[in-house]
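If you want the working numbering, it's the 1-based position in the sequence shown plus 1006.
Glycine included, C-beta positions come from ideal geometry on N, C-alpha and C.
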Amino acid sequence: MEPRRVLLVVSGGIAAYKIPELVRRLKRTGHAVRCVVTASAREFVSPLTLQTVSAEPVRESLFDRAEEGQIDHIALADWAEAVVVAPATANLLAKLAAGIADDLATTVLLATRAPLLVAPAMNVNMWSHPATRANVATLHERGVEIVGPEAGELACGWEGEGRMAEPEAIAGALELRLGRPSLAGERVVVSAGGTREPVDAVRVLANRSSGKMGFAIAAEAARRGAETILVAAPSALPTPPGVRRIDIETALEMRDAVHAEARSAGVVVMAAAVADFRPASAHARKLKKEDLPEGEGLTLELVRNPDILAELCREPGERVVVGFAAESHDVVEAARRKLARKGCDLIVANDVSREDAGFESDANAVVLVSPGGEAEALPLLPKSEVARRLLDRIEKLRGARS
Ligand code: PMT
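Set out below in structure tokens:
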């Protein structure tokens, strides 16, 4: 790949001792690397070491007249074609998420328009703290790429997730990010949310799907350069950048939109919770309770909706079709049966019996089930991260097919 101008922001964690190695790797690929160190980073790695390996002046302070005189902080932010924060402490992630700019590093991070990649490193409890989880989710939604952390023995004596990704992994992620978008030229259709089936003029049959899972998949596909179409059942979520959104309400409307858009698509992901049944006829006017004596029943006749996923899978072609399965027990077995019945290329099974995953929550715990029966269980992850891992798998399937 072409040499780029990479700005490396180093914050104060023990993993900072690995940063000279990261600089060396980036330089070896031909990139120009400039470093900014926070005050606490200087406790872990010497600016002189970074200056020597990068062969560029290292910036340390916002209010140093000599430093600012050479390259001011905005010029530095503009210079960067990519910014890497490694190690990224919990404190730095929090400031980044909140938009706080109270030193040189955070000011440059707020001012730059370059793609941003962060490699968190911290104690396992700090990493799993709800505040850090929320900050990471915010950054991910904004398109910031999070590399690691990895699990293992931590310098603080604890064991678990929190080790900074190795310099090789960080450099590799940067290459991927700066290379050609991996889904450029691909058309991806994603369905999201819960369809609504009208009962009368004001009432609907609905379900608890918020659309978060499907919207996260569409956002990730667009970020990877795909022409992305999101067929969305009613949802208050904003349309992700770069995504064309088609709003629908009922399963029949979703079916029409998905089929029309899927015609020239290479990938279709059905993350929507589509109503299996709809009222045989919707009353044009509001049903009045006064028309029925108290305690008397009202019978709604339901008819089956078409199975959009199964219909797509029956169509011939090279397209990769992915379904979701919301299951409350025997998750993998139920997903295997569903996959066999519908004939799709992959089923993403969610355990919707968990309180912290599935419908409406920001996280999901899924198992990727393949036609051969293999099942890859992912841990509880933010839906944005589930989307990333799912698209990694879809890219492999698509690559194998074409
Ligand atoms: O939207 P969120 O709040 O983020 O929640 C995400 C989710 C839990 C809704 C999502 O991850 C999920 O599991 N979606 C599928 C839920 C579901 O309805 O599963 P199902 O077992 O009924 O359907 C299986 C598959 O067939 C799904 O891909 C569904 O889109 C598709 N289907 C179902 C019925 C139908 N008539 N047509 C279909 O295409």
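Check: Is the CB-CB distance between leucine 1110 and leucine 1145 below 8 angstroms?; Outcome: no
Check: Please report the straight-line C-alpha distance between alanine 1224 and valine 1196, rounded to a whole angstrom.; Outcome: 6 angstroms
Check: In the DSSP assignment, the beta strand (DSSP E) including phenylalanine 1221 goes from what residue to what residue?; Outcome: That residue, phenylalanine 1221, is in no beta strand (DSSP E); its alpha helix (DSSP H) goes 1218 to 1229.
Check: I'd like the ranges of any beta strand (DSSP E) spanning at least 3 consecutive residues and lying wholly in the segment 1220 to 1308.; Outcome: 1233 to 1238, 1249 to 1253, 1273 to 1276 and 1283 to 1285
Check: How many Å lie between leucine 1115 and alanine 1107 at the Cα?; Outcome: 8 angstroms
Check: At a cut-off of 7 angstroms, is alanine 1332 close to ligand 1 when judged by its beta-carbon and the heavy atoms of the ligand?; Outcome: yes
Check: Would you say the beta carbon of alanine 1279 is closer than 7 angstroms to some non-hydrogen atom of ligand 1?; Outcome: yes
Check: By a C-beta neighbour count over all protein chains shown, 10 Å radius and 16 as the cutoff for buried, is cysteine 1162 buried or exposed?; Outcome: exposed
Check: Count the other CB atoms, across all protein chains shown, that sit within 10 Å of the CB of glycine 1185; report buried if there are 16 or more and exposed otherwise.; Outcome: exposed
Check: Kindly indicate which three-state DSSP category cysteine 1319 falls into: helix, strand or coil?; Outcome: helix
Check: For valine 1249, is the beta carbon positioned less than 7 angstroms from some heavy atom of ligand 1?; Outcome: no
Check: Taking the alpha-carbon of arginine 1040 as reference, which of Val1051, Val1016 and Thr1305 has the nearest alpha-carbon?; Outcome: Val1016
Check: Residue range of the beta strand (DSSP E) that serine 1197 falls in?; Outcome: 1193 to 1198
Check: Have a look at leucine 1318 and valine 1274 and give me their C-alpha separation to the nearest angstrom.; Outcome: 9 angstroms
Check: Beta carbon of methionine 1170: closer than 7 angstroms to some heavy atom of ligand 1?; Outcome: no
Check: Please go through the same chain and pick out, in chain order, the residues whose beta-carbon is closer than 7 angstroms to the beta-carbon of proline 1155, but skip the five residues on each side of it.; Outcome: Pro1126, Ala1127, Trp1133, Glu1167, Gly1168, Arg1169, Met1170 and Ala1171
Check: Residues in the same chain with beta-carbon distance under 8 angstroms from valine 1328, minus the five sequence neighbours each way, listed in chain order, please.; Outcome: Val1273, Val1274, Val1275, Met1276, Cys1350, Asp1351, Leu1352, Ile1353, Val1354, Leu1396 and Ile1400
Check: What is the rounded straight-line gap between the Cα of glycine 1149 and the Cα of arginine 1325?; Outcome: 27 angstroms
Check: Report all residues from its chain with a CB closer than 6 angstroms to the CB of lysine 1024; omit the five preceding and five following residues, and keep chain order.; Outcome: Pro1173
Check: On the three-pair Cβ rule with 8 angstroms, is the segment 1199 to 1206 touching the segment 1286 to 1300?; Outcome: yes
Check: For the alpha helix (DSSP H) containing aspartate 1398, list its first residue and its last residue.; Outcome: 1389 to 1407
Check: May I ask you to check if the CB of leucine 1315 is nearer than 7 angstroms to at least one heavy atom of ligand 1?; Outcome: yes
Check: Please tell me whether alanine 1239 and methionine 1260 are closer than 8 angstroms, where the distance is taken between their beta carbons.; Outcome: yes
Check: Going by DSSP in three states, isoleucine 1152 sits in which element: helix, strand or coil?; Outcome: strand
Check: Please identify the residue among Ala1038, Val1051, Thr1044 and Val1012 whose C-alpha is closest to the C-alpha of proline 1026.; Outcome: Val1051
Check: What number of angstroms, rounded off, separates the C-alpha of glycine 1303 from the C-alpha of glycine 1405?; Outcome: 55 angstroms
Check: Tell me, please, whether the segment 1209 to 1218 touches the segment 1178 to 1192 by the rule of three or more beta-carbon pairs shorter than 8 angstroms.; Outcome: no
Check: Let me see if you follow: with CB-CB separation under 8 angstroms, is histidine 1265 close to chain C or not?; Outcome: The chain labelled as chain C is not found in the depicted structure, where only one protein chain is given.
Check: What do you reckon, are the CB atoms on alanine 1117 and alanine 1083 nearer than 8 angstroms?; Outcome: yes
Check: Look at the alpha carbon of glutamate 1366 and the alpha carbon of valine 1372, and state the distance between them as a whole number of angstroms.; Outcome: 14 angstroms
Check: Comparing alpha-carbon positions, which option in Arg1071, Ser1359 and Arg1342 lies nearest histidine 1335?; Outcome: Ser1359
Check: Please name the residue, chosen from Trp1085, Ala1381, Arg1065 and Ser1270, that lies closest to leucine 1345 on a Cα-to-Cα basis.; Outcome: Ala1381
Check: Out of Pro1299, Ala1363 and Pro1187, which has the shortest C-alpha to C-alpha gap to proline 1385?; Outcome: Ala1363
Check: Buried or exposed, going by whether 16 or more other CB atoms sit within 10 Å of the CB of isoleucine 1152?; Outcome: buried
Check: Going residue by residue through the segment 1081 to 1130, where are the continuous beta strand (DSSP E) segments of at least 3 residues, counting only ones entirely within it?; Outcome: 1088 to 1094 and 1122 to 1126
Check: Between threonine 1058 and the rest of its own chain, which residues show a CB-CB distance below 6 angstroms, the 5 nearest in sequence each way excluded?; Outcome: none
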